[in-house]
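A.B. asks: Sharing a structure below in structure tokens format, with a few things to ask.
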Amino acid sequence: MDAMWTSLIAVAGTIAGTNLGAWWNARNARAERNDRRLGEQRNQLLSALADLVSALADHRRAMVVLGEIRLGGGTDQAVAAAVAATHDTRSAISAPLTRVRILEPGLAEHATRATQATYALRDTSEGAELQRLRQAAVDAVAELEKAAGQLWHAPATL
């Protein structure tokens, strides 16, 4: 009788050990997948942020050039070329802005504010106002970067 109980306990221990090992391996595999997915999301967000900041800088520069040409009484041809450049740079903002909004909704408001501040450069009628709006757009991008940095370094995020 003792041999039978010893065998049953040994079999039960083996089954329990096997199940525990399988559970542990599955748990570790799931954790690795989650870590990998979070790393990919962080990389995608960083790429989207970098693309957005770059696109905003390009559009801001193009808008300042257009404003300076208009305020300086530039030729129709120069204004038309500058307008075409602003159309190209403005369209380059849409994709990274959308990616930032989707990947990290907590940055959506900052990204939108930075974009709107850059778009506001269009509505200028004098040089001082152009420079004030340009600085406001630069500051809005800096706020976006600051918010992203805080989010990036916050514990248990992304």
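Under the numbering used here, the sequence shown has 76 at position 61, and the numbering climbs by one with no breaks.
Even glycine gets a Cβ: it sits at the ideal position worked out from N, Cα and C.
(1) Of all the CB atoms in chain B, is at least one closer than 8 Å to the CB of residue 95?
(2) Determine, using beta carbons only, whether residue 111 and residue 70 come nearer to each other than 8 Å.
(3) Between 88, 33, 134, which lies nearest to residue 101 when the distance is taken from Cα to Cα?
(4) Is the stretch 34-43 close to the stretch 73-81, with three or more CB pairs under 8 Å?
(5) State the DSSP-derived secondary structure class of residue 109, mapped to helix, strand or coil.
(6) Please report the distance separating the alpha-carbon of residue 63 from that of residue 79.
C.D. replies: Put simply:
(1) Included in the structure is just one protein chain, with no chain B present.
(2) On the sequence shown, residue 111 is found 96 positions in, with the first residue counted as 1. On the sequence shown, residue 70 is found 55 positions in, with the first residue counted as 1. Yes; because the gap between Cβ atoms is below 8 Å, this pair is in contact.
(3) Looking up residue 101 in the sequence shown gives position 86. Nearest option by C-alpha distance: 134.
(4) no
(5) Walking along the sequence shown from the start, residue 109 turns up at place 94. It is helical.
(6) For this step, residue 63 is matched to residue 48 along the sequence shown. For this step, residue 79 is matched to residue 64 along the sequence shown. Using only the alpha carbons, I get a separation of about 24 Å.
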